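J.:
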Amino acid sequence: MPVIPGLILVVVLLALNAMFVAAEFAYVTVRRTQMQQLANEGNTQAKRTLKALGNLDFYVAASQLGITMATIGLGFLGEPVIAGLIEPPIEDIVGSFAPAVSHTVAIGIAFTFVTVLHIVLGEFVPKTLALEAPGKTTMWLSYPMQIFVRIFGPAIWLLNTTGNVLLGLLGMKVRPMGDEPLKAEDLALTFESSASAGLISRRELDLSRNTLRLASLQVGDLMVPRNEVIGIPVDASREDIVRIFAGHRYTRFPVYTSSLDDIIGVLNAKQAVFNLGSPDADWHRDIQQPLILPETVTIEHALEAAREANHALMILADEFGGIAGVLSLFDVVEFLAGHLPDEFESGQALLSANPDGSLLAPGLMHLVDLADELGITVPDVDAHTLGGLVMELLERIPVEGDEVFVDGHRIRVSEMNNRRVGQVLLIPEASVEREAAK
């Protein structure tokens, strides 16, 4: 083959190889939502790209077929063309008496040159460009790939089907590319990467992670425990109710007869306040039917039940029929967005630091909050609070000074309120080692 046409053909094959490599990587990394938005704006290239993404297996197979054809052609033509170009100068150097030597040297140099061109210009550069800008790459190549698919469609289908049949014989179920949804773990890693790159704020990262965790939590993980629930006796006077409203930040209060185990309804403070202004008003008319759920249901199920029943406060029952606690929509929002202070609070944080590096925490601190604040891996226990964790690990009612170890932290009971853990001291491993050294 003449040198000039041969060189032109080598350049064309190299460009085709680069195009197919770029197309393959761009197709599997481009965001479908980005293309959908551009297509909605009338971008023709984005519409073609969306069509390709709808049949991703076929277009990836087309890219692989194109790469194979271009690579074979480049190996078949590139080496002899380059060797024919450099062999005469080599013969001038080694002399005509050793044509075999000059031919061998020319073939070796040509092979090395073509390989380097193929790796750098045909593979590395287009792959990098496609990964850096998959959207632009897929749109640029949408029309050439569409033409290639129309020409070689039957061959692509045959090769793709043959491969799927062979995989089926090996017992592998072939799932169309792009059909596998992202798992929560994958989404969490994506959010982490986006935060590290500065694409989303730390607050947005925390909100995203908490949203993903919410579905795996039970209502007991976030509930206000029974001994912290503020209820209203059914025989309370108007003065009693006003005093309860004034002393607590809650909007809704469970109403009970003899004890909290006998809740008959929920009173909305905002609604009741308006009616209490009338001397002959009967606040019992404002009592709503309670929404009672098992404490073992998931947050997702509880929110759906609250939405259907139009309730913002859920009463949680234990397996023995007693009341385990309550959960409000505000508690769920606090879990998602972080602690939300109000005018009834002093602004004191859940954890207070001591000069020696230890932390003072309330026994009623939720374990999910503990894990978020300190990154502690909490053992698999039935307890929902820090005090309950200590009690379960000790397998008895704690006394002041009792200690347990959890994920590099010594947890020491510093205060007991009757049979309940009031406060604990969290001592990190480094502080424990310093104590031992003394």
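Here the sequence shown is numbered in the numbering used here, starting from 172 and rising by one per residue.
Quick reminder that beta carbons are idealized off the backbone N, C-alpha and C, glycines included.
From a predicted model like this one, the values you see are computed outputs, not experimental measurements.
What beta strand (DSSP E) runs, 3 residues minimum, are completely inside the region 407–451?
T.: Fully enclosed beta strand (DSSP E) runs of 3 or longer: 423–427, 434–439.
J.: Taking the alpha helix (DSSP H) that V497 belongs to, which residues open and close that run?
T.: Segment 494–499 is the beta strand (DSSP E) holding V497; no alpha helix (DSSP H) there.
J.: Grab the span of the alpha helix (DSSP H) containing V336 for me, first residue to last.
T.: From DSSP, the alpha helix (DSSP H) with V336 extends over 313–340.
J.: Reducing DSSP to helix, strand and coil, say where G213 ends up.
T.: Three-state result, G213: coil.
J.: Check each candidate in K307, A355, T309, V181 and name the one with the smallest Cα separation from F282.
T.: F282 has its Cα closest to that of V181, out of K307, A355, T309, V181.
J.: Below 7 Å CB to CB, which residues in the same chain sit around P404 once its five sequence neighbours on both sides are set aside?
T.: Cβ within range, chain order: Y427.
J.: With H, G and I counted as helix, E and B as strand and the rest as coil, what does DSSP make of P259?
T.: Here P259 sits in helix by DSSP.
J.: Buried or exposed: S499, going by 16 or more other Cβ atoms within 10 Å of its Cβ?
T.: S499 comes out buried.
J.: Is the separation between the beta-carbon of S313 and that of A210 shorter than 8 Å?
T.: In this structure, A210 does not lie closer than 8 Å to S313 by Cβ.
J.: Distance check for P396 and S585, CA to CA, integer angstroms please.
T.: C-alpha separation (whole angstroms): 21 Å.
J.: Here's a check: name, in chain order, each residue in its chain whose Cβ is nearer than 8 Å to the Cβ of F515, leaving out the five neighbours to either side.
T.: With a pLDDT of only 49 at F515, under 50, the local geometry of the prediction cannot be trusted, and the value read off the model is given with reservation. Closer than 8 Å at the Cβ level, and outside the excluded window around F515, lie H419, R420.
J.: One question on the structure: do F424 and G402 come within less than 8 Å of each other, judged by their Cβ atoms?
T.: Contact: yes.
J.: What number of angstroms, rounded off, separates the C-alpha of A443 from the C-alpha of D489?
T.: Going by the C-alpha atoms only, they are around 29 Å apart.
J.: So, do the region 325–334 and the region 196–208 have three or more beta carbon pairs nearer to each other than 8 Å?
T.: Short answer: they don't touch.
J.: Tell me, please, whether the region 531–545 touches the region 362–374 by the rule of three or more beta-carbon pairs shorter than 8 Å.
T.: No: fewer than three Cβ pairs fall under 8 Å.
J.: With DSSP collapsed to three states, give me the class of L248.
T.: In the structure shown, L248 sits in a helix (DSSP, three-state: H, G or I).
J.: Give every residue of the same chain whose Cβ lies closer than 6 Å to the Cβ of S379, excluding the five residues on either side of it in the sequence, and list them in chain order.
T.: Hits under 6 Å: F362.
J.: Tell me which residues share the same chain as L507 and place their Cβ nearer than 8 Å to its Cβ, disregarding the 5 neighbours each side in the sequence.
T.: Contacts found: L378, N381, T382, L385.
J.: So, helix, strand or coil for G518, using DSSP?
T.: Because G518 sits at a pLDDT of 44, beneath the cut-off of 50, its placement in the model cannot be relied upon, and the following sentence gives the value as read from the coordinates. Coil.
J.: Can you say whether F491 is buried or exposed, counting buried as having 16 or more other CB atoms within 10 angstroms of its CB?
T.: Exposed, because fewer than 16 other Cβ atoms sit within 10 Å of the Cβ of F491.
J.: Identify, in the order they occur along the chain, each residue of the same chain with its Cβ nearer than 6 Å to the Cβ of P297, setting aside the five sequence neighbours on each side.
T.: A189, V192, A193, listed in sequence order.
J.: Do you know offhand how far G237's Cα is from A355's?
T.: Answer to the nearest angstrom: the Cα atoms are 36 Å apart.
J.: Taking 8 Å as the cut-off, decide whether the C-beta atoms of P305 and T200 are in contact.
T.: Going by C-beta atoms, P305 is nearer than 8 Å to T200.
J.: Just to confirm, is the Cβ distance from T309 to A197 under 8 Å?
T.: Going by C-beta atoms, T309 is nearer than 8 Å to A197.
J.: Taking all protein chains shown into account, decide if Q594 is buried (16 or more other Cβ within 10 angstroms of its Cβ) or exposed.
T.: Buried, by the Cβ-count rule.
J.: Just tell me which of A477, L522, G493, S523 has its CA closest to the CA of F501.
T.: Ranking the options by Cα distance to F501, first place goes to A477.
J.: Tell me which residues share the same chain as E410 and place their Cβ nearer than 7 Å to its Cβ, disregarding the 5 neighbours each side in the sequence.
T.: Cβ within range, chain order: n/a, list empty.
J.: Note down the Cα distance separating E294 from L341, rounded to an integer number of angstroms.
T.: Roughly 31 Å between the two C-alpha positions.
J.: According to DSSP, simplified to helix, strand and coil, what is L565?
T.: In the structure shown, L565 sits in a helix (DSSP, three-state: H, G or I).
J.: Using a Cβ-Cβ cut-off of 8 Å (strictly less than) and excluding sequence neighbours within five positions of A495, which residues of its own chain qualify?
T.: So the qualifying residues of the chain are G391, M394, P396, R397, E466, L487, A488, D489.
J.: Does P305 come out as helix, strand or coil in the three-state DSSP assignment?
T.: Note: P305 maps to helix in three-state DSSP.
J.: Candidates N588, N589, D573, R456: which alpha carbon is nearest L597's?
T.: Out of N588, N589, D573, R456, D573 has the C-alpha closest to the C-alpha of L597.
J.: Could you have a look at M587 and say whether DSSP puts it in helix, strand or coil?
T.: The answer is strand: DSSP assigns M587 an E or B state.
J.: Leaving out the 5 sequence neighbours to the left and right, which residues in its chain are closer than 7 Å to Q317 when beta-carbon positions are compared?
T.: Cβ neighbours of Q317 beyond the five flanking positions: R219.
J.: Tell me which same chain residues have a C-beta within less than 7 Å of the C-beta of L245, skipping the five on either side of it?
T.: V181, L184, L185, N188, V285, H289.
J.: Compute the distance between the beta-carbons of V549 and L535, then report whether it is under 8 Å.
T.: It is not a contact, given that the beta carbons lie outside the stated cut-off.
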